[in-house]
Amino acid sequence: MFSKEKLLSAEPEIVPQRSKSFPLAWIEERVDVEPLRQFIRHKMVPLHRHSYWYYLGGMALFLYMVQVVTGILLLLYYQPSESNAFESVRFIMTQVRFGWLIRSVHAWGANLLIALAFAHMFSTFFLKAYRKPRELTWVSGVVLLFLMLGFGFSGYLLPWNTLSFFATMVGTNIVGVLPFIGEFLLRFLRSGDSVSEATLTRFFGFHVAVLPMVTAFLLLLHLWLIQKQGMSVPLGVEAECRQRGTSPRKIPFFPDFMLRDLMGWYLVLGVLGWLATLYPWELGVKADPFASAPPGIKPEWYFLFTFQTLKYIPAKILAFDGEVLGILAFGLGGLLWLLIPFLDWNPSSGRMSRIIQRAGIWIVIYILIMTAVGYVAK
Amino acid sequence: MENWNRRRLLQFLLGTGIGASFLSFLYPIIGFLLPPRSRASGPQYVEAGKPEELQRNSGKVFQFGNQPAILIRTVEGELRAFSAVCTHLGCTVQYVPESKVIWCPCHNGMFDLHGRNIAGPPPRPLAEYKVNVLEGKVIVSRA
Numbered sequence: 049m050f051s052k053e054k055l056l057s058a059e060p061e062i063v064p065q066r067s068k069s070f071p072l073a074w075i076e077e078r079v080d081v082e083p084l085r086q087f088i089r090h091k092m093v094p095l096h097r098h099s100y101w102y103y104l105g106g107m108a109l110f111l112y113m114v115q116v117v118t119g120i121l122l123l124l125y126y127q128p129s130e131s132n133a134f135e136s137v138r139f140i141m142t143q144v145r146f147g148w149l150i151r152s153v154h155a156w157g158a159n160l161l162i163a164l165a166f167a168h169m170f171s172t173f174f175l176k177a178y179r180k181p182r183e184l185t186w187v188s189g190v191v192l193l194f195l196m197l198g199f200g201f202s203g204y205l206l207p208w209n210t211l212s213f214f215a216t217m218v219g220t221n222i223v224g225v226l227p228f229i230g231e232f233l234l235r236f237l238r239s240g241d242s243v244s245e246a247t248l249t250r251f252f253g254f255h256v257a258v259l260p261m262v263t264a265f266l267l268l269l270h271l272w273l274i275q276k277q278g279m280s281v282p283l284g285v286e287a288e289c290r291q292r293g294t295s296p297r298k299i300p301f302f303p304d305f306m307l308r309d310l311m312g313w314y315l316v317l318g319v320l321g322w323l324a325t326l327y328p329w330e331l332g333v334k335a336d337p338f339a340s341a342p343p344g345i346k347p348e349w350y351f352l353f354t355f356q357t358l359k360y361i362p363a364k365i366l367a368f369d370g371e372v373l374g375i376l377a378f379g380l381g382g383l384l385w386l387l388i389p390f391l392d393w394n395p396s397s398g399r400m401s402r403i404i405q406r407a408g409i410w411i412v413i414y415i416l417i418m419t420a421v422g423y424v425a426k
Numbered sequence: 174m175e176n177w178n179r180r181r182l183l184q185f186l187l188g189t190g191i192g193a194s195f196l197s198f199l200y201p202i203i204g205f206l207l208p209p210r211s212r213a214s215g216p217q218y219v220e221a222g223k224p225e226e227l228q229r230n231s232g233k234v235f236q237f238g239n240q241p242a243i244l245i246r247t248v249e250g251e252l253r254a255f256s257a258v259c260t261h262l263g264c265t266v267q268y269v270p271e272s273k274v275i276w277c278p279c280h281n282g283m284f285d286l287h288g289r290n291i292a293g294p295p296p297r298p299l300a301e302y303k304v305n306v307l308e309g310k311v312i313v314s315r316a
């Protein structure tokens, strides 16, 4: 088939360039990484006076990675059963080298992650980065925040201490008062009628398998959308550029933006290390399902504003159950928040847009005040 | 040239700084991965039943701390106890009355009734325990 001449005149074998280091040259001989290199070389990121808000998303992503790593480490010793859950966490904290640190980083990391996710969401909201074509990025981001709250709620029970036991009891009861689906949801979450070992096993399953799987998918979608559409430039900056007849300033993603992002990650790591070492997360007292609840049971701070609001709602509003109305109102609020890009159809100058932005300011003020009141109230 | 040197110095400091902090994160993680050693080495003695429960030319495996041990009554009626963990690859051994040896089924290792490795791959004898009969109970203790 092949003549000798043809074989001799064939292209010489590709020899790796001498300037490239060994592993890179070795990989390039086998895989074409040129498109990836070109992509990294040409990716640009807008730079303007509001650019620093961009780093919040990266910081939250970094904390999520910290949670995955520390969570996997804790899995090596944790035992999800009523008789062993508390003891295994105590074993981690007292017997395993640096166990107290890993657990403290995981607990503090969860709180910081939710705080940063909230800050990232509100910055996106006030900069109107949800506007066309980024509606799906907003929706995926809000769902990711809900998932983070789910992680917080399910993970809180796992050490099986008194506080987490009763917080789960109250939290699942709140869901249970919903009309039509309440009872189903209550039994689904608790894996029975009361909070028991079955609940612990179920929450463990949610925390380490179901939620991570859904989160991984949505996170990839969120990042892919950001990558495809680029970062949003605020309307004000866009208008200024139009007036001047220029386009917004940009910087290369690599290394300029990436190094700035890394600085943000390092800052978060510093804060996390400071909190985890100087204020180690407590273990509390082992849950006793047949003991009465201690006074002052409160949920984690990120649920405190809803918890506090429900306290103020009267038992009966007209013919309706006050608590049910309150929970439905929060549900409706969450749904409207998710659909904001579709409600604000004219973000640059619409009347609706102004109303939504003002509502956003009041929502932030409301959350801050109710959280503070929830902390102070007995 | 001066700028170039400054840049290299800064790159060196950044690189070593990141590398050193990465190592400092790795240290607690590796420490965490290694399980803590159990402080106690287990009980010093254990009750292994009553002497009359074990017939001549037979043996039984029992728990000693967190390890298995084997109690044997010889044809002559003498009680002997050894660690039941084969010195080859850690399988649990058993007594074979027909050939009067302690036998490891995993790789056909054999020990005599003094715990000495006599055939197959086991490299060392079995650890021997002291056996005493006190108030009608067999007490096995570490030698």
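Chains as they are written, first to last, in this note's numbering: chain A, 49 to 426; chain B, 174 to 316. Just so it is clear, CB atoms sit at the ideal spot from N, CA and C, and this is done for glycine as well.
Tell me whether residue i sits in a helix, a strand or coil according to DSSP, three-state version.
i, result
"B:Gly282", "strand"
"A:Leu55", "With a pLDDT of 48 at A:Leu55, under the threshold of 50, the predicted position of this residue should be treated as unreliable, and no value is reported."
"A:Ser69", "coil"
"A:Ile365", "strand"
"B:Leu252", "strand"
"B:Leu307", "strand"
"A:Val144", "coil"
"A:Lys276", "helix"
"B:Glu220", "strand"
"B:Ile202", "helix"
"B:Ala292", "strand"
"A:Tyr112", "helix"
"A:Phe50", "Because the pLDDT of A:Phe50 is 45, which lies under 50, any placement of that residue in the model is unreliable, and the number read from its coordinates should be weighed accordingly. If DSSP states are grouped into helix, strand and coil, A:Phe50 belongs with coil."
"B:Leu196", "helix"
Checking contacts by CB at 8 Å: is residue i closer than that to chain B?
i, result
"A:Leu149", "yes"
"A:Leu160", "no"
"A:Leu72", "no"
"A:Phe146", "yes"
"A:Gln115", "no"
"A:Gln127", "no"
"A:Ile121", "Just to set this straight, residue 121 of chain A is Leu in the shown sequence, not Ile. Closer than 8 Å: yes."
"A:Gln277", "no"
"A:Gln143", "yes"
Which stretch, first to last residue, makes up the alpha helix (DSSP H) that contains residue i?
i, result
"A:Val218", "Thr210 to Gly224"
"A:Phe450", "With chain A covering only 49 through 426, there is no way to say anything about residue 450 of chain A."
"A:Tyr126", "First-last for A:Tyr126: undefined, no H or E at that position."
"A:Glu82", "Glu82 to His90"
"A:Val421", "Arg399 to Val424"
"A:Gly231", "It is Glu, not Gly, that sits at residue 231 of chain A in the sequence shown. Per DSSP, A:Glu231 belongs to the alpha helix (DSSP H) from Gly230 to Arg238."
If we cut at 8 Å on Cβ distances, does residue i have a partner in chain A?
i, result
"B:Gly204", "yes"
"B:Leu299", "no"
"B:Pro209", "yes"
"B:Pro201", "yes"
At which residues does the beta strand (DSSP E) containing residue i begin and terminate?
i, result
"B:Val311", "Lys310 to Arg315"
"B:Leu244", "Gln240 to Arg246"
"B:Gly232", "Ser231 to Phe237"
"A:Trp186", "From DSSP, A:Trp186 is part of no beta strand (DSSP E) but of the alpha helix (DSSP H) over Glu183 to Leu205."
"B:Val269", "Gln267 to Val269"
"B:Val274", "Val274 to Cys277"
- So, do the region 103-117 of chain A and the region 147-162 of chain A have three or more beta carbon pairs nearer to each other than 8 Å? Contact holds: three or more Cβ-Cβ distances are below 8 Å.
- Item | 3 or more residues per run - each beta strand (DSSP E) lying fully within the region 289-317 of chain A | Fully enclosed beta strand (DSSP E) runs of 3 or longer: 298-300.
- May I ask you to verify whether the region 88-106 of chain A touches the region 207-214 of chain A, counting CB pairs closer than 8 Å and requiring at least 3? Using a Cβ-Cβ distance cut-off of 8 Å, the region 88-106 of chain A and the region 207-214 of chain A are not in contact, since fewer than three pairs of beta carbons, one from each stretch, lie closer than that value.
- Item | Contained alpha helix (DSSP H) runs [length at least 4] in the region 340-388 of chain A, N- to C-terminal order | Listed in chain order, they are 349-360 and 370-386.
- Answer yes if the region 348-358 of chain A comes into contact with the region 134-149 of chain A, meaning at least three C-beta pairs across the two stretches below 8 Å, and no otherwise. No, the region 134-149 of chain A is not in contact with the region 348-358 of chain A.
- Query: Would the region 317-337 of chain A and the region 191-198 of chain A be scored as touching if the rule is three or more Cβ pairs under 8 Å?
  - Reply: Flag = no, the region 317-337 of chain A and the region 191-198 of chain A do not touch.
- Task: Could you tell me whether the region 118-129 of chain A touches the region 324-331 of chain A, using the rule of 3 or more Cβ pairs below 8 Å?
- Result: No, the region 118-129 of chain A does not touch the region 324-331 of chain A.
- Query: Are at least three pairs of beta-carbons, each pair with one atom in the region 267-281 of chain B and one in the region 306-315 of chain B, less than 8 Å apart?
  - Reply: Contact fails between the region 267-281 of chain B and the region 306-315 of chain B, because fewer than three Cβ pairs, one in each stretch, are under 8 Å apart.
- Spell out a yes or no on whether the region 282-291 of chain A and the region 95-108 of chain A are touching, meaning 3 or more CB-CB pairs, one atom from each, closer than 8 Å. Yes: at least three Cβ pairs fall under 8 Å.
- Item | the region 381-395 of chain A contacting the region 175-187 of chain A, beta-carbon criterion three pairs below 8 Å | By the C-beta criterion, the region 381-395 of chain A is judged to be in contact with the region 175-187 of chain A, since at least 3 inter-stretch pairs fall below 8 Å.
- Message: Counting beta carbon pairs with one atom in the region 277-284 of chain A and one in the region 215-233 of chain A, are three or more of them shorter than 8 Å?
- Response: Output reads no: the region 277-284 of chain A does not touch the region 215-233 of chain A.
- Task: Tell me, please, whether the region 393-410 of chain A touches the region 167-177 of chain A by the rule of three or more beta-carbon pairs shorter than 8 Å.
- Result: Yes, they touch.
- Query: Does the pairing of the region 244-257 of chain A with the region 370-385 of chain A give three or more beta-carbon distances under 8 Å?
  - Reply: With a cut-off of 8 Å, the region 370-385 of chain A and the region 244-257 of chain A do not count as touching, because too few Cβ pairs lie within range.
- Validate contact between the region 217-224 of chain B and the region 272-280 of chain B using beta carbons, cut 8 Å, 3 pairs: Verdict: no, contact absent.
- Query: Is the region 98-110 of chain A touching the region 159-172 of chain A in the sense that three or more CB pairs, one from each, lie closer than 8 Å?
  - Reply: Because the criterion of three Cβ pairs below 8 Å is met, the region 159-172 of chain A and the region 98-110 of chain A touch.
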